[in-house]
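J.:
Numbering (my numbering), first residue to last: 6 to 277.
#1: Return the bridge partner residues of residue 139 from the DSSP annotation.
#2: So residue 252 and residue 268 are supposed to be a Cβ contact under 8 Å. How far apart are they, rounded?
#3: Thinking C-beta only, is residue 112 closer than 8 Å to residue 127?
#4: Assuming residue 90 is part of the beta strand (DSSP E), what are its boundary residues?
#5: Hey, would you say residue 188 sits closer than 8 Å to residue 259, going by beta carbons?
#6: Do you know offhand how far residue 43's Cα is from residue 161's?
#7: To the nearest angstrom, how far is the alpha carbon of residue 120 from that of residue 54?
#8: Assuming residue 22 and residue 123 form a contact by the criterion Cβ under 8 Å, report the distance between their Cβ atoms to the nearest whole angstrom.
#9: Straight-line CA distance for residue 219 to residue 158?
#10: What first and last residue would you give for the beta strand (DSSP E) that runs through residue 187?
#11: What's the C-alpha gap between residue 147 and residue 92?
#12: Just how far apart, CA to CA, sit residue 52 and residue 8?
#13: Could you tell me which residues DSSP pairs with residue 77 in its beta bridges?
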């Protein structure tokens, strides 16, 4: 049975997902702004986030909110962390791979997470201590023993292009063993895919709390491990309230092997 918080999150995520679907066929008419270099947001992002906030303000008026578009709203030990459209670039280009990601965090640590892919009607949910589900069925992380034959996922965020050479050197080394590397354009779905076994591991830099809050919880609840590039445990926010800049996620053995490869190839040192 779903936790009450998850039921509320699913309702909000589905409402936001409906907004994304309704606007898909008028992409050329959307008002798009460039928040940063090659980092875009559209009116759909803001409409979807406003719908989620409306649901949460009605049900939990005392909770704080951290939204990608609206920023921080209020202060509380309980915070809704919202990415109304993870995969905005995909969405704006008509690439059918994006999602709504919502987490409830207590003192910076995720306790409940929902990731909803409205195109596939895939609903990923997790609660701390209760495991992870995909479409209401319990799932676990893949049991691969090492990087040999692994399906990996990464990303190339615009704000980390100065380290692209180190990243590509790392990928060149990983492809000696891995089956392949995907770059899907949605960090939240990347983490959800790792958690449910669709991919073996994921790593990326330049991330924000709303990108990963729900997905980090899902990987952990599915039996996996999440660290930064140096192998340190990481979550949506550190003790200074700052977001994780890097993520490595996978089962215990693959995550450790991937993290060591990131160090050995010099990619981790690029962030020193």
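All C-beta atoms in this analysis are idealised placements derived from N, C-alpha and C, irrespective of residue type, glycine included.
T.: Once the coordinates are examined:
#1: 129, 142
#2: About 15 Å separates the Cβ atoms of residue 252 and residue 268, ruling out a contact at the 8 Å cut-off.
#3: no
#4: 83–91
#5: no
#6: Because residue 43 carries a pLDDT of 45, less than 50, the predicted location of this residue cannot be relied on, and the following value inherits that uncertainty. One C-alpha to the other measures close to 11 Å.
#7: 14 Å
#8: 3 Å
#9: 17 Å
#10: 185–187
#11: Near 24 Å, if we compare the C-alpha coordinates of residue 92 and residue 147.
#12: About 26 Å.
#13: 71
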